[in-house]
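Heads up: the sequence shown is residues -19 to -1, 1 to 372, going by mature numbering (1 follows the signal peptide of the UniProt record, and there is no 0).
Here a beta-carbon is modelled for each residue, glycine too, at the ideal position from N, C-alpha and C.
Since the structure is predicted, the reported quantities are computational estimates derived from the model, not experimental observations.
Encoded as structure tokens, the structure appears first; notes follow it.
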Amino acid sequence: MLIARILAVSLLISTAAAAEPSALDEATIGEVQARLDKAITEHALPGATAAIVTDDGQRVSFSTGFADKEIDRAMTPETRMMSGSIGKMFAAAVAVSLVKDGVLELDAPISKWLGETSEYSALPNYRKITVRMLLNHSSGLVDHVYIDGFWDAAKARIKEPDFAFTPPEMIAFGYGSKPFFEPGKGFHYTDLGYLLLGLVIEKAGGKSYYTLLQERFLYPLGLEFTGPSDGRIFNGLAQGYLAGTNPLLGDVGTTLSDGVFRINTRSEWTGGGLVTNAGDLAEWAWDVFEGRTRLGSEYARAMVSNPVEAGKRGRYGFGVYVFDTEFGPLYAHGGWFMGYKSYVGYFPNCHVSASIQINSEEIGGKTGVVFRDVFMPALKAKGCAPKNEKK
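This is the structure we're talking about:
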């Protein structure tokens, strides 16, 4: 049986504007819920959650379907899932906050923090790579997940479910590899580059990455459902459903066994590395790009200023894609982690953020399409149109 719930909380009315923006009405909220319900039926998905934060501070969360089909556990707005590469947005924000503090420099070589002759010098063009290049994927480095040796090594350790590669061990898979291009001369998405960024963050910040993230962003923003994915047990986590044969787990079909992750999630780290829920993701994007974090407006804008061309995938700033849509610019990122798909975005023309999470890989590459379709009624209601068009 399909179970859907709507949670609407924290309606904050702005007093700064001469004309107060109007909240989403019940009919629009109901249409968003109906579209979310329809999405899991059309795509044969177990469940999904979604959330939106609007220009007037209205926060609405949605859920549909099941968090765990086998035990008839309903999906709720509070249900948590792995957010995959969306964690890069958080890592980038920590890095930019260190730039603001004056302890990290965007255009300085990473060797300034990791050492000229460190083990990482075995990476191609190591001494030419800057912090900026890691942030916007213009370093030319490979992605370790596409290196055969990585999967061979991972499969060899799969019988040890608590085992996890350390960041240096993951980065080492790129030693001696061929670069895709000279640093700064192109775009190639690479988790390895963001793991390297994590090491730079820790050197510059003087604390562990997760401590910096929590102290600077998660705790001040009250993102209570968001935390490190650094183990195998997570409170409130939905079951994740795999698509086909997994390269590590085979045909088991699910990510959890009796509520415990079948692998240690720690290795993802600054390449993703977070467990969260849809409400926190929407809140995060809204707070960052509304200038409500320690970054302020200026440094938040730096994350999306001068993005590099990323081919058919739009453009890429610091931990965030920049797309041109019928609703104007969209600052967004998607995420995949074994059994889960997520998407979060912010529309600056109408000051609206939204997110969606799905506990299945069966959606494939259509998460962004579902995101757009589900929130279409709300975006239209809030007048999210390009500034040169009449709203």
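message = Taking the alpha carbon of Glu23 as the reference point, which residue from Gly203, Lys361, Thr306, Asp354 has its own alpha carbon closest?
response = Glu23 has its Cα closest to that of Asp354, out of Gly203, Lys361, Thr306, Asp354.
inquiry  = Using only the alpha-carbon positions, how far apart do Lys93 and Met70 sit?
reply    = Cα to Cα, Lys93 sits roughly 23 Å from Met70.
ask   = Starting from Trp250 and walking both ways along the alpha helix (DSSP H), at which residues does that stretch end?
value = It is not in any alpha helix (DSSP H) - Trp250 carries neither H nor E in the DSSP assignment.
request  = Could you say which of Lys159, Leu116, Thr207 lies nearest to Asp172 if we only look at CA atoms?
outcome  = Considering only Lys159, Leu116, Thr207, the residue with the shortest C-alpha distance to Asp172 is Leu116.
key: Same chain, Cβ closer than 7 Å to Arg197, five either side skipped, listed in chain order   = Val75, Ser78, Arg275.
ask   = Apart from the five residues just before and just after Thr(-5), which ones in its own chain have a Cβ nearer than 7 Å to its Cβ?
value = Model confidence at Thr(-5) stands at a pLDDT of 29, short of 50, so the residue's coordinates are unreliable; what they give is reported in the following sentence. Residues of the same chain with a CB within less than 7 Å of the CB of Thr(-5), apart from the 5 flanking positions on each side, do not exist.
ask   = Is the Cβ-Cβ distance between Trp267 and Thr207 less than 9 Å?
value = No, the pair does not count as a contact, with Cβ atoms beyond the cut-off.
ask   = Where do the N-terminal and C-terminal ends of the alpha helix (DSSP H) with Thr257 fall, by residue?
value = Run containing Thr257: none in the alpha helix (DSSP H); it sits in the beta strand (DSSP E), 255 to 257.
inquiry  = Once the 5 residues before and after Arg138 are set aside, which same chain residues still bring their CB inside 7 Å of it?
reply    = Excluding positions up to five away in sequence, the list reads Phe144.
ask   = For Asp124, does the count of other Cβ atoms within 10 angstroms reach 16, so buried, or fall short, so exposed?
value = Asp124 should be labelled buried.
request  = Would you kindly report the start and end of the unbroken beta strand (DSSP E) that includes Arg138?
outcome  = If you look at Arg138, you'll find it isn't in any beta strand (DSSP E); DSSP assigns it neither H nor E.
ask   = When DSSP labels each residue in this structure, what does Trp243 get in the three-state scheme?
value = The displayed chain sequence assigns Arg, not Trp, to residue 243. Arg243 falls in the coil class under three-state DSSP.
ask   = Rounded to the nearest angstrom, how far is the Cβ of Leu237 from that of Val325, given a contact under 8 Å?
value = That belief does not hold up - the Cβ atoms of Leu237 and Val325 are roughly 23 Å apart, past 8 Å.
inquiry  = Less than 9 Å between the beta carbons of residue 381 and Ser210, yes or no?
reply    = Lying outside -19 to 372, the shown extent of the chain, residue 381 is not represented and no answer is given.
query = Taking contact to mean at least 3 C-beta pairs separated by less than 8 Å, is the segment 337 to 352 in contact with the segment 26 to 39?
reply = Contact between the segment 337 to 352 and the segment 26 to 39 is present, because at least three Cβ pairs lie under 8 Å.
query = Which word fits Tyr200, buried or exposed, when buried means at least 16 other C-beta atoms lie within 10 angstroms of its C-beta?
reply = With fewer than 16 Cβ atoms within 10 Å of its Cβ, Tyr200 is classed as exposed.
ask   = Sorted by chain position, which residues of the same chain lie with C-beta nearer than 7 Å to Phe356's C-beta, five sequence neighbours on each side aside?
value = Cβ neighbours of Phe356 beyond the five flanking positions: Val13, Ile33, Ala335.
task = Identify whether Ile182 lies in helix, strand or coil by the three-state DSSP scheme.
result = When DSSP states are grouped into helix, strand and coil, Ile182 belongs to the helix group.
task = Write down every uninterrupted run of the alpha helix (DSSP H) in the segment 165 to 226 whose length is 4 residues or greater and which is fully enclosed by it, in chain order.
result = Counting only runs of 4 or more, we get 172 to 186, 190 to 194.
message = Quick check on this structure: which residue in Val233, Leu95, Ala259 has the alpha carbon closest to the alpha carbon of Arg61?
response = Nearest of Val233, Leu95, Ala259 to Arg61, Cα basis: Ala259.
task = Please report how far the alpha carbon of Glu86 lies from the alpha carbon of Gln195, in whole angstroms.
result = Spanning the two alpha carbons is a distance of roughly 22 Å.
task = With DSSP collapsed to three states, give me the class of Glu290.
result = When DSSP states are grouped into helix, strand and coil, Glu290 belongs to the strand group.
message = Which same chain residues end up closer than 7 Å to Ala359 when comparing Cβ atoms and leaving out the 5 residues on each side of it in sequence?
response = Excluding residues up to 5 positions away in sequence, Leu5, Thr9, Val13, Ile33 lie with their Cβ nearer than 7 Å to the Cβ of Ala359 in the same chain.
message = What residue range does the alpha helix (DSSP H) around Lys322 cover?
response = Not the alpha helix (DSSP H): Lys322 falls in the beta strand (DSSP E), residues 321 to 328.
inquiry  = Buried or exposed for Ala362, going by 16 or more other Cβ atoms inside 10 Å?
reply    = Under this definition Ala362 is a buried residue.
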